[in-house]
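Report on the structure given below.
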Amino acid sequence: MSTTIPSLLTADSISLRPLQTQHSKNGMPLHYVEDHSIPICSICFAFRAGVLYEDQKLSSVFSSSMLDEGSRDLNYDTIADYIESFGASLEKENSERFVYLKLFCLSKHANELLRFLKKMLLNATFPEDRLSLKRQQFLQSYRLSNSKVSSVAWKNFKKELFGAHSSLGYIEIEKDYLDISHEHLISFFEERYLNAPLQIFAAGDLNKEIIAALLDYELSDASAKVQNDSPLDENAVEPTPVFKQIAMESSKVQSSIVCGLPWMSRASQEYTSAFLLITILGGYFGSRLMKVVREEKGYTYGIQAFVRTIGSFSYMAIQAELDQKNVEATLQEISVQMEQLRSERIDVEELRRAKNYLSGIYLTQSDTVFKTMRLYRGQILDQLDTKYFENQYDRMMNCSAEELNEVAKKYLSPDLLTKIVAG
Amino acid sequence: MIEYSTFTLNNGLKVLVHPNRQSNLVTFNLLYNVGARDENPDQTGLAHFFEHMMFEGTKEVRDFDHRLQLAGASHNAFTCNDYTNYYITLPYENIETAFWLESDRMMHLDIHQEKLETQKKVVIEEFKQRYINQPYGDLWSELRKLSFKKHPYQWQTIGKSIEHIENIDMNSSNSFYKAYYHPANAILGLSGNISASDAKTFCEKWFGPIASGHINKGVYIQEPLQEEGRLKVIEKEVPSDVLIKAYKSSGRKGKDYHALKMLSLLLSGGKSSRIKNALIDKKKVFLNAGVFSTGELDPDLLVISATLQKGISFDDAENEVEQFIKDIQQGSFSKSEMEKVINQCETDFCFDMSDNNHIALKLSIAGLLDDYSTLQHGLQKLKNVSHDEVLTSAQNVFDEKRCNTIHYKSHE
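Residue numbers (our numbering), protein chains in the order written: chain X, 1 to 423; chain A, 424 to 835.
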């Protein structure tokens, strides 16, 4: 058997498939990436209708889930049956700022489906009987999430980090589900879906007819559009160094830890090195926290650190579920690992390992036309340059141990952690 | 149709390759023909536990993860009742590293007492996290216990109990490794930017020298024909009542596999499916409901799973399900509903084709089944299913004498 270790290559740079952008006559942007080797396409409508725009709690999630639940001439089952008879599917995704409505279909059916979808959206009715069912379904999920240690820890972490009365930190109560009404949904829909600026992202086998149909997709006259489009409270937050324990009767075996800090904007020069730093702390199987807390001590099945971006700001968080008797030792270990990153430079081999691992992740994230479009979508909606991903790869590969140490000293302070334990 | 080529090494390693030159990556999917069904009833959880041990290094390579991550790879594994599957996705230029590391751990795994003890703790935490500390966490283990009295599908891959995991020792681990981890008992699926000839060269170089072993023949105690329906009532602090009805089905190797697949998609694939339309939207009996196969090789279960609306009793829910099934058994579904299922499968197939992980796993499973027809004509086989065949399969599978029911009651 050969014992010569295979040589390794790491890509010097990454090049995404080209993005194309056109604008409708009223200025609505359509961004797209083509790939004609496959007979399918995905089309994503990004509505500025996330939780940050709500003046009535839960308007975002209820409205998005009910976009295809009824229209003036079409009831919910006709809509579902029509879309699915083409083998197509419609998905919704909610972020803090956006609601994404995504159509997946064979390209040969795209035009017909787009015509149908436009009619459905322009005439959406949010019928009372469907709202009643949605309310019961959401309440069931809400009650289920309240019996899970991980969900309870998350909700309380965000409450402490963003503030109990902010859109991002607010913990919903049953009354919110009961209060949401047909009128709220109609009003939110008109303001945030019909009259707020829309952006469309398409990928796959796109022909001229599909492009033309999408360029004709504005849902209202531009003159009627909301002019001031800032989210209600998208402001950077200050660190909140607290430690809270939430007792849960239902959980006798394990607790969930969530701790974290406000982090910097993706546009920041330090973001890339800070992202690499968090990867080394707990972002992959070879991370320090996984090595010590799982692989050496066996305290948990998994512990992860990650960065979550919300428009122009972000936060880092660490999460694990583990036996209650190991909570204190694990929190202590998190502090020790953060302190080490602040006090010692990362070893060359450890840095190479993390960079090489991430180089593979970057390739994976851009390997298909659909994944590529998702990357562009994130960059465009975060108002970043469309070369951001490619440039970030270069920056990441050139990051030095000194830079990481500087970022750790500046931001990664265990004394500033918001720490929640539920269980 | 998934294009592929296949070859088998002299030591029995079966290899299937799907080249995709558009991708910058390759997925290396190594499936071992051993799962929870191969365990001793008094020592369950070993197959899954052993999956954890496979990441703990060899005499030559102390840190398996480190080497892969240097190559830009993402990797993981899972264990199910029938097999254990290891997958690595990495830049195509570094694919040889996957061959090196997987062949090395197939041959030289270093099963060390200290690592074994740590992984036992990790797996016990996994057991608690997934199956004890979650609402409804014990539902599926209770269903298996109720449904299978002889066949090893009666336990979950995590194992029957924490005690079984605690009892795993060096001897049982070493024996398990020797018995099942060798080329003749493995199938390699490769999808991505790699040619069949390169795959063969690397296979011969890295796996060729490994000694063969005994193929796991997969002979298990078969489940006797169930003669009457069974019911188990569980009462716990959960937010809603849940009804499970699990019918004995013929499994992945059954002749009516495609008809049953069509049936389950007809009943619960998509928002316009039968069960959503009838029992959630119109009759408002359930909040959520689905119909799915447990997807095993031996005779398995076709499961109806539903969350009850508040105020609906289990008796009411059962009556509605009975009526729903009766309608299907009387052929109330149309050809256009079947065409819709085919169209959905065609779109899904096209999207799946751009996913190397998905294709590579499909190749390995085809190798395990020794049936490549689903790769060649999977969609066509579904298209060929007739209305009568679906009707017959519905009449056969939905038999209350062969049904295992769970009433998972909320005592809130």
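Heads up, the beta-carbon is just placed ideally off N, CA and C, and yes, glycines get one too.
Three-state secondary structure assigned by DSSP to residue i
i        : result
A/Lys699 : helix
A/His475 : helix
X/Asp394 : helix
A/Met761 : helix
X/Tyr217 : coil
X/Tyr299 : coil
A/His834 : coil
A/Phe821 : coil
A/His489 : helix
X/Asp81  : helix
X/Ser2   : The predicted position of X/Ser2 is uncertain, since its pLDDT is 49 and thus under 50; a value taken from the coordinates is nonetheless stated next. Three-state DSSP puts X/Ser2 in coil, outside helix and strand.
X/Trp263 : strand
X/Thr279 : helix
X/Ala11  : coil
X/Gly204 : strand
A/Ala500 : strand
X/Ser147 : coil
X/Lys291 : helix
Sequence-distant residues of its chain with Cβ nearer than 8 Å to residue i (five each side left out)
i        : result
X/Phe157 : Val258, Cys259, Gly260, Ala317, Thr418 and Ile420
X/Phe86  : Cys105, Leu106, His109, Glu112 and Leu113
A/Thr431 : Lys437 and Val438
X/Ala267 : Ser312, Asp382, Gln383 and Leu384
A/Gly677 : Leu683 and Pro722
X/Tyr76  : Asp68, Glu69, Gly70, Pro127 and Arg130
X/Ile40  : Phe104, Cys105, Leu106, Ser107, Gly204 and Asp205
X/Lys102 : Ser42, Ile43, Cys44, Phe45, Leu90, Glu91, Lys92 and Glu93
A/Ile547 : Ile585, Ile588 and Glu589
A/Thr815 : Asp679 and Ala682
Cβ-based burial, residue i [other Cβ within 10 Å; buried from 16]
i        : result
X/Val242 : exposed
A/Phe821 : buried
A/Ala648 : With the sequence shown as reference, residue 648 of chain A is identified as Leu, and Ala is not the correct amino acid for it. With fewer than 16 Cβ atoms within 10 Å of its Cβ, A/Leu648 is classed as exposed.
A/Arg825 : buried
X/Phe162 : buried
X/Glu91  : exposed
X/His23  : exposed
X/Ile171 : exposed
X/Gln340 : exposed
X/Lys387 : exposed
X/Lys36  : The question names Lys, but residue 36 of chain X is His in the sequence shown. That one is exposed.
A/Lys601 : exposed
X/Ala213 : buried
X/Met1   : Confidence is the limiting factor: at X/Met1 the pLDDT is only 48, short of 50, which leaves the residue's position unreliable and the question unanswerable from this model.
X/Ser63  : buried
A/Ser673 : buried
Same chain only: Cβ atoms within 7 Å of residue i, ignoring 5 sequence neighbours per side
i        : result
A/Lys706 : Glu743
A/Lys806 : Ile765
X/Val407 : Glu270, Ser273, Ala274 and Leu277
A/Ser833 : Val661, Pro662, Ser663 and Asp664
X/Pro239 : Leu261, Pro262 and Leu416
Beta-ladder partner(s) of residue i, from DSSP
i        : result
A/Val440 : A/Ser428 and A/Leu613
A/Thr624 : None; A/Thr624 has no bridge partner.
A/Val449 : A/Leu513 and A/Gly615
A/Tyr455 : A/Thr507 and A/Ala609
X/Asn75  : X/Gly70
A/Thr481 : A/Leu532
X/Phe306 : X/Ala317
X/Val99  : X/Phe47 and X/Asn94
X/His31  : X/Thr21 and X/Phe201
Other residues of its chain near residue i: CB distance less than 6 Å, five sequence neighbours each side excluded
i        : result
A/Phe550 : Ile581 and Ile585
X/Ser250 : Ser147
A/Ala496 : Ile511 and Leu513
X/Ala88  : Cys105 and Leu113
A/Leu727 : Before going further, note that residue 727 of chain A is Ile rather than Leu in the sequence given. Lys668 and Val714.
Residue i beta carbon near the ligand ZN (any heavy atom closer than 6 Å)
i       : result
X/Leu16 : By its list of ligands, the structure shown contains no ligand whatsoever, and the ligand ZN lies outside what it can speak to.
3-residue-minimum beta strand (DSSP E) runs that sit fully inside the segment 674 to 742 of chain A, ordered along the chain = 709 to 716 and 724 to 731
Starting from the N-terminal side, write out each stretch of the alpha helix (DSSP H) that is 4 residues or longer and does not extend beyond the segment 581 to 609 of chain A.
-> 585 to 589 and 593 to 603
Could you tell me which uninterrupted alpha helix (DSSP H) segments, each at least 4 residues in length, are contained entirely in the segment 342 to 416 of chain X, listed from first to last along the chain?
-> 348 to 365, 369 to 381, 388 to 397 and 401 to 411
Mind listing, in chain order, the continuous alpha helix (DSSP H) runs of no fewer than 4 residues lying wholly within the segment 740 to 812 of chain A?
-> 758 to 775, 779 to 792 and 796 to 806
Entirely enclosed alpha helix (DSSP H) segments - the segment 517 to 568 of chain A, minimum 4 residues = 518 to 531 and 536 to 550
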